[in-house]
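Participant:
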Amino acid sequence: MGTTASQLPKESLSEYQELTFLTKQEILLAHRRFTELLEGDERNHPNPRVPMDAILTLTELKSNPFKKRICQVFSTSENRDGSLTFEDFLDLLSAFSDSATLEIKSHYAFRIFDFDDDGTLDYGDLEKLVNCLTGETADTRLSSEEMRQLISNILDESDIDKDGTVNLSEFQHVISRSPDFVSSFKIVL
Amino acid sequence: MANGGSFNVNIYEEDYDYENLGESGPSQDPFQLFKEPACNVQGNPGDIQMEMFTKNSDTSDSESTSSSKESYNGCRLRSLQRNNWSAATRRVLSSMPSRKIGLHSSAGMAVRETCALPTHQTSSRVSLHIPRVTQDDITSPEFEEISTEDEANNLAGSGLWCTETNKEQLVSDLRGLSESEGLRKLRAMPLSLADKMEIRKHFFSPLAKNLVINRNFPCRNLPCMYLSRMWRHCRYAPRFSTSLKLWNSSMKKLSGRYGTGVLSYFTFLRTLLFINLLFFITTFLFLVLPQAIHPPPDSHGESFSWIEIFTGMGYLSRSLMFYGYYSNITIKTTSITSMVPYCIPTAYFFTITISFFIICIILVYSMSKSFGKSFQVFKSDGNLSENVFCSWDFKVTKKPSIRLQSEKISTQLKEQLSELASREEERTLMQRFRNFLVHVAAWFICLASIFFSALGVYFLSKTISKVLQNLDLLFMAAVVSGFNLLLPGIFNFCAWMEKHNSPCTRVYVSIFRNLLLKISLVIILCYHWLGKIAVEQDPQVSKCWENFVGQELYRLLLMDFIFTVLYTFLGEFVWRIFSQKILRKNRKPVFDIARNVLELIYGQTLTWLGVLFAPLLPAVQIAKLFVLFYMKKNSLMLNCQASKKPWRATHMTTAFITLLFFPSFLGAAVFVAYTVWKIKPSSGCGPFRNLTSMLESVKLWAERMKDHHQILSWLFRAYNAFTDNPIFLFMPSGLFLLLIYFRIQVVDGQRRIIRRLEKQIDDVSKT
């Protein structure tokens, strides 16, 4: 079901409420912010799709170093260009909401950190992840020696089957030990 | 492993013999080792399932299909040989949380991929915890889950499933559940919304709906059905905390700029506000209102001057605010109370004690929840992978704060790496000795300052024995608050001198010193009040000692508020202007979370101590917290910057709730209990005049009521039996200790299983 001009039909609202972790107010707010991103003529389209650049203008995502990955993970477009429909947008907000379970959050966190989409976090993924975390300025970036040491320590700690990569279960095992993850993996509109 | 009868093997092909795939693509990751396909065979007479899934990825193609089909037979043989776990092991393993995680994630991964449709037969009976294996595109196999249901005979699934079969599988899983449970499980699956809506359509087809309803309600009659539906609804209803809408938007702005640490301070403030609101509502309804409707005959209006708001004397002392106003009458005049007389002393006693009891339960409950969240079966320190994966706070949205966050994470990682590197180096004896001396000196300074401030308060309280006027009364309160303001500065200086290794230790040490200071000051004051004033009951000091104590606490609370305002103004606003204009540094002050939370706990302790003597004190505290929120928020936005030090929010929140319960609430409860039990109330005022203790009023009331009501006399006898016979104390304590021992053993057993499993995985990967 798509969204009609500017109103969300009641059945789809209740359906979204049942199938996502969002409350009614959050869904309505999301609808409002989503339609603001659309251009005039697209609003009458039954199932509009917002390109990635428009999504990235949202204040909650604008400065986030993982913004492009987030859009790509939640996008259901065939050509993987990171564009989102309203339902993809709701998926995004639901995974990042207050009441989402740890499993959902860790699942999507894994996919966001998996930069090459191969299903595991290998050396390249981990390196890109650390670079995103530490920022772009020269003094916060880790040197290549430090990076090598860091990634080898990470693999020592979390790679249980010693295959050189961190897969989803190992990732979730690490996450389950950290009580702060659930509260920090949140985006609220 | 055969369990008798005929059985078919469920094999979910999830990964490939690396040998077979070796040729199939240049894009294989060279690090991947050879892995056995993870197959798990459970046979059970009866249920037969056979499904074979093959994986087809987008990019690579027919090669994998053929190779996977080839390896199917090999897999089957291997699976027959491998798993010989007993049913008990399987049950234990499947109940472990980290293994359940694979359950839903494989579903999500699978549906997103397109693949070929293999043949399959859906199972007739499907268990709740379907074992699945998470699997990714190319290869790393993972551990399969094991079903808990005894009828289950599914096997670990291969990672990427076919959309159609996967959806049918999911639908059949959900069919075994009731409507709300099924929806809940569907919601928790990492699928896209479009897929979920499609599955829901299948699940909620009218035929299925009838089956669901008929199968899942154990009782057929109507009230039973409604009750079970209501119970399910209550369990799965959104949590109560989401309805606390107060200040949500402000807190979102704050977390956007400052992160989770500062947010935890404001959340703590909001929690305290609600606790005080609860207390206030109870005392207002049961105590203040009845007394307000029937004012005692000897009260008369007095002139009111503004200073009295600060000192609590004069008009306020003869108002509902303080203990002295309340009378020891039994209200019989209104229509309701002529049938059930409302006895004010009893109401006073019971309102206060029952409110304390309710708050105790609330605090213990939230403490246990917090502990549950932050408890780790394995305590590992300096966990790098945890820092890398979990430390990014997605709530932060402003660009400068994001930059600061990156700096913080980078510093933390670098520090941890250098710590790991330097762990091998030994520090010289001289260095260690010097460190030790510095620590001793710092602790000596801190303890000495605490001791001298406590001594000062003690002597001050002894010398102020004559009746003081007006603002002189505030002197004592000002001195206490002044100590509370200045001494933490000395502690900060000592902490800077000491240069602890880990930021955690630094925070804990500073919290401990602050706490010690506040506890010692409060203990000196309590000793002074209960030990001297209440016992001597010097008419020169006050005719009504409870009023005096209540007023002292009121003044302390107010002074604490005024000094907090002063500190916020001077410490943050003026300091920022000073450092920017005069020192020309671009650094704003940092919001000290630990110190501010301890201030809140201190204020709350004073409220709880004083509520017996001033029933409206929670209202003052509510007003104070309200103003404090807006003041702190604005000061933070204007003057402070985000901290560069990492702050483990959940651990700290647990620590703060524990501190709120353990020294703060329990101390106040002990104080109130001692007063009620041992101290003689003053004879000239209050609802307990002319009694030997406040507790005696309850005994008298019970004696009076005993003759009228059977139930009460029975309760009274039961109560006497409880308190006289010590076995009633030993039995619950013994039970409690047994429970604790049991839980400790369970945790220990889990630790051992985890270690053994890790070793097993390690061994498997080596072969």
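Chains Y and L, in that order, are what the protein sequence lines are.
Going by our numbering, the first residue of the first sequence is number 19, and it counts up by one from there.
Going by our numbering, the first residue of the second sequence is number 158, and it counts up by one from there.
By construction, the Cβ of each residue, glycine as well, lies at the ideal position given by its N, Cα and C atoms.
For the region 34–48 of chain Y and the region 340–357 of chain L, state whether three or more C-beta atom pairs, one from each stretch, are separated by less than 8 Å.
Facilitator: yes
Participant: Go through its chain and collect everything with a Cβ distance to L:Tyr422's Cβ below 7 Å, but skip five positions before and after it.
Facilitator: Ile750, Asn753, Val754
Participant: State the Cα-Cα distance for the pair L:Leu769 and L:Ile464, rounded to the nearest angstrom.
Facilitator: Each residue's alpha carbon lies about 24 Å from the other.
Participant: Examine chain L for any beta-carbon lying closer than 8 Å to the beta-carbon of Y:Asn82, and answer yes or no.
Facilitator: Yes, contact with chain L.
Participant: Output needed in chain order: residues of the region 536–565 of chain L with a Cβ under 8 Å from some Cβ in chain Y.
Facilitator: Ser537, Asn540, Leu541, Ser542, Glu543, Val545, Phe546, Cys547, Ser548, Trp549, Asp550, Phe551, Lys552, Thr554, Lys555, Lys556, Ile559, Arg560, Ser563, Glu564
Participant: Identify the residues that DSSP records as bridge partners of L:Gln448: which are they?
Facilitator: The partner list for L:Gln448 (beta bridge, DSSP) is empty, contrary to what the question assumes.
Participant: According to DSSP, is L:Val747 part of a helix, a strand, or is it coil?
Facilitator: strand
Participant: Counting only runs of 4+ residues fully inside the region 123–189 of chain Y, write out the alpha helix (DSSP H) ranges in chain order.
Facilitator: 141–152, 162–176
Participant: Are L:Ser523 and L:Phe436 touching if we call contact CB-CB under 8 Å?
Facilitator: no
Participant: Under 8 Å between C-beta atoms, does L:Ala806 make it to chain Y?
Facilitator: yes
Participant: For Y:Asp106, which residues of its own chain have a beta-carbon under 7 Å away from its beta-carbon, when the five flanking residues on both sides are left out?
Facilitator: Phe92, Ser93, Thr94
Participant: Identify, in the order they occur along the chain, each residue of the same chain with its Cβ nearer than 7 Å to the Cβ of L:Leu477, setting aside the five sequence neighbours on each side.
Facilitator: Val445, Gln448, Ala449, Leu773
Participant: Considering just the uninterrupted stretch of the alpha helix (DSSP H) at L:Phe783, what are its terminal residues?
Facilitator: 774–796 is the span of the alpha helix (DSSP H), which, as asked, contains L:Phe783.
Participant: Rounded to the nearest angstrom, how far is the Cβ of L:Met416 from that of L:Val553, given a contact under 8 Å?
Facilitator: Looking at the sequence itself, residue 416 of chain L is Gly, so the reference to Met does not match. Yes, they are in contact, since the Cβ atoms of L:Gly416 and L:Val553 sit about 5 Å apart, within 8 Å.
Participant: Just to make sure I have the definition right: I need the residues of chain L whose C-beta is within less than 7 Å of the C-beta of Y:Lys180. Which are they?
Facilitator: Asp919, Ser922
Participant: With distances taken between CB atoms, is the gap from L:Leu426 to L:Leu785 smaller than 8 Å?
Facilitator: yes
Participant: Give the interface partners of L:Thr417 over in chain Y, defined as CB-CB distance under 8 Å, in chain order.
Facilitator: The answer, in chain order, is Asp198, Ser201, Ser202.
Participant: Mind checking if Y:Asn62 is an interface residue toward chain L, Cβ cutoff 8 Å exclusive?
Facilitator: no
Participant: Output the distance between the C-alpha atoms of Y:Asp135 and L:Lys402, rounded to the nearest integer angstrom.
Facilitator: 39 Å
Participant: Answer yes or no: do L:Leu570 and Y:Leu160 have a C-beta to C-beta separation smaller than 8 Å?
Facilitator: yes
Participant: Using only the alpha-carbon positions, how far apart do L:Asp920 and Y:Gln167 sit?
Facilitator: 25 Å
Participant: Helix, strand or coil for L:Thr764, going by three-state DSSP, please let me know.
Facilitator: helix
Participant: Using the rule of at least 16 other Cβ atoms within 10 Å of the residue's Cβ for burial, across every protein chain shown, is L:Lys743 buried or exposed?
Facilitator: Reading off the sequence, residue 743 of chain L comes out as Asn, not Lys. Classification for L:Asn743: exposed.
Participant: Buried or exposed: which applies to L:Glu703, given that a residue is buried once 16 or more other Cβ atoms fall within 10 Å of its Cβ?
Facilitator: Counting C-beta atoms within 10 angstroms of its own C-beta, L:Glu703 has 16 or more neighbours from the protein chains shown and is therefore classed as buried.
Participant: Is there contact here, the region 583–592 of chain L with the region 602–609 of chain L, by at least three beta-carbon pairs under 8 Å?
Facilitator: no
Participant: Nearest-angstrom Cα distance between L:Val777 and Y:Glu54?
Facilitator: 45 Å
Participant: Pairing CB atoms from the region 48–68 of chain Y with CB atoms from the region 128–143 of chain Y, are three or more of them under 8 Å?
Facilitator: No, they do not touch.
Participant: Taking the CB atoms as reference points, tell me whether L:Cys547 and Y:Ser202 lie closer together than 8 Å.
Facilitator: yes
Participant: How would you list, in chain order, the residues of chain Y whose beta-carbon sits under 7 Å from the beta-carbon of L:Ala351?
Facilitator: Thr94, Glu105
Participant: Answer with buried or exposed for L:Ser792, where buried requires no fewer than 16 other C-beta atoms within 10 angstroms of its C-beta.
Facilitator: Buried.
Participant: To the nearest angstrom, how far is it from the Cα of Y:Met70 to the Cα of Y:Leu111?
Facilitator: When rounded, the distance between both Cα atoms is 16 Å.
Participant: Does any C-beta atom of chain L lie closer than 8 Å to the C-beta of Y:Thr75?
Facilitator: no
Participant: Using a C-beta to C-beta distance shorter than 9 Å, which residues of chain L count as neighbours of Y:Gly153?
Facilitator: Ile559, Arg560, Gln562, Ser563, Glu564, Ile566, Ser567
Participant: Please state whether DSSP places L:Tyr499 in a helix, a strand or coil.
Facilitator: strand
Participant: Cβ atoms of Y:Lys123 and Y:Phe208: under 8 Å apart, would you say?
Facilitator: Only positions 19 to 207 of chain Y appear in this structure, which leaves residue 208 of chain Y out of reach.
Participant: Determine the DSSP secondary structure at L:Val553, reduced to helix, strand or coil.
Facilitator: coil
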